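> Structure incoming, see below.
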Amino acid sequence: MFKKLLSSIGIGAATVDTRLAENSCVPGGTLDGVVHIKGGNVEQSVDRIYIFFNTLYKHEVNDKTTYSTFTIEKILLNEAPFMIGPDEVKEIPFTIEVPFNTPISVSQSKTWIETGLDIAQAVDPKDEDSILVKPNHKQQVILDVLDDIGFRLKKADTEMLPARQRSGRLPIAQELEYSPNGTSFGRRLDELEVILLQDETSLDLLIQVDKSVHSLGSLFADLTGTDESTHRLSYSQADLSSPERIRRDIESLIERSI
Numbered sequence: 002m003f004k005k006l007l008s009s010i011g012i013g014a015a016t017v018d019t020r021l022a023e024n025s026c027v028p029g030g031t032l033d034g035v036v037h038i039k040g041g042n043v044e045q046s047v048d049r050i051y052i053f054f055n056t057l058y059k060h061e062v063n064d065k066t067t068y069s070t071f072t073i074e075k076i077l078l079n080e081a082p083f084m085i086g087p088d089e090v091k092e093i094p095f096t097i098e099v100p101f102n103t104p105i106s107v108s109q110s111k112t113w114i115e116t117g118l119d120i121a122q123a124v125d126p127k128d129e130d131s132i133l134v135k136p137n138h139k140q141q142v143i144l145d146v147l148d149d150i151g152f153r154l155k156k157a158d159t160e161m162l163p164a165r166q167r168s169g170r171l172p173i174a175q176e177l178e179y180s181p182n183g184t185s186f187g188r189r190l191d192e193l194e195v196i197l198l199q200d201e202t203s204l205d206l207l208i209q210v211d212k213s214v215h216s217l218g219s220l221f222a223d224l225t226g227t228d229e230s231t232h233r234l235s236y237s238q239a240d241l242s243s244p245e246r247i248r249r250d251i252e253s254l255i256e257r258s259i
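Under our numbering, think of the first position of the sequence shown as 2, with each following residue one higher.
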């Protein structure tokens, strides 16, 4: 009885450890691993095993910028409860899909896997594993084009999308901020902000052009935020096979905006 009491508060209870086949993945790809569960001092019933895709997103709280955890997706691994005996080891292999629009691991962006066990009348054990999210092929086409134009990434943050931009996708998105130094746009452009929104068939590119300050008029525009203009470019799988076209689209869009 005393051991059961201790396990109910997490002492001598079952533990969980997720072991990934590799810690890198791409949005829209898959992630393989094994959930390793070891029983504690007493037999316990594991009702559910969950895997969470978590990331940090930036938002305002009482006029201060803060970062909070956002669960991109919650995945249930087991269909029925099971018992785990004292010191017993169970291994549950899994292959899960990486959600589209999972933030790429650059700058401030951080993504991790959290594994949790639901155990009745006990502290639920959990495990966290950082993952490296690399651009998938479609995203890499866009990033390569921006690099070829001469843009350089300054920072990246994940924030809440305006409702009008969500279209059934995640309510958050990663914003990539680029410096124009090294491009032909030079001093006419302060920065370029880019959001990639993707699904199984297409990729939408949201571009916000932030013009430089050169006069009293443009300074006022900068202070009021009216110098920023947001545009959307949409590409199918076939379109992404033509980086030259995408480059022309982006350069033309910027020229029209500045």
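Just so you know, even glycine gets a beta-carbon here, dropped at the ideal spot from N, CA and C. What you are looking at is a predicted structure, and each value in this text was computed from that prediction instead of being measured.
(1) Helix or strand or just coil, what does DSSP make of SER9?
(2) Determine the contact status of GLU273 and HIS60, defining contact as a CB-CB distance below 9 Å.
(3) Express the C-alpha separation of LYS212 and SER131 in angstroms, rounding to a whole number.
(4) For a quick check, are the C-beta atoms of ILE97 and LEU197 less than 9 Å apart?
(5) Just reading off the beta strand (DSSP E) that GLN209 is part of, what are its end residues?
(6) For the alpha helix (DSSP H) containing SER253, list its first residue and its last residue.
(7) Within 10 Å of its beta-carbon, does GLY218 have 16 or more other beta-carbons around it, so buried, or fewer, so exposed?
(8) Run through DSSP, which three-state label would VAL146 get?
(9) In angstroms with no decimal places, state the Cα-to-Cα distance between SER106 and GLU80.
(10) What would DSSP say about ASP240, mapped onto helix, strand or coil?
(11) Taking only the alpha-carbon atoms, compute the straight-line gap between GLU192 and LEU144 and give it to the nearest angstrom.
(12) Please name the residue or residues paired with LYS135 in a DSSP beta bridge.
(13) How about the segment 51-60 and the segment 98-118: do they share at least three Cβ pairs that are nearer than 8 Å?
(14) In terms of residue numbering, what span does the beta strand (DSSP E) encompassing ASP64 cover?
(15) Can you look up GLY187 in the DSSP assignment and give me helix, strand or coil?
(16) Kindly identify the DSSP beta-bridge partner or partners of PHE83.
(17) What number of angstroms, rounded off, separates the C-alpha of GLY41 from the C-alpha of ASP88?
(18) Between the alpha carbons of THR66 and ILE76, how many angstroms are there, rounded?
(19) Check GLN109 in the structure and name its three-state DSSP category.
(20) Rounded to whole angstroms, what is the Cα-Cα separation between TYR236 and ILE73?
(21) Using alpha carbons as the reference points, say which of GLU245, ASN137, LEU204 lies closest to CYS26.
On the basis of the data shown:
(1) With a pLDDT of 43 at SER9, under the threshold of 50, the predicted position of this residue should be treated as unreliable, though the coordinate-derived value follows. Helix, per DSSP.
(2) Any question about residue 273 goes unanswered here, given that the chain covers just 2 to 259.
(3) 37 Å
(4) no
(5) 203-212
(6) 244-258
(7) Low confidence applies to GLY218: its pLDDT is 46, below 50, so where it sits in the model is not reliable, and the reading given next is rough at best. By the 10 Å Cβ count, GLY218 comes out exposed.
(8) helix
(9) 32 Å
(10) helix
(11) 15 Å
(12) Bridge partners of LYS135: none, in fact.
(13) yes
(14) No beta strand (DSSP E) holds ASP64; DSSP gives it neither H nor E.
(15) helix
(16) VAL47
(17) 5 Å
(18) 30 Å
(19) coil
(20) 24 Å
(21) ASN137
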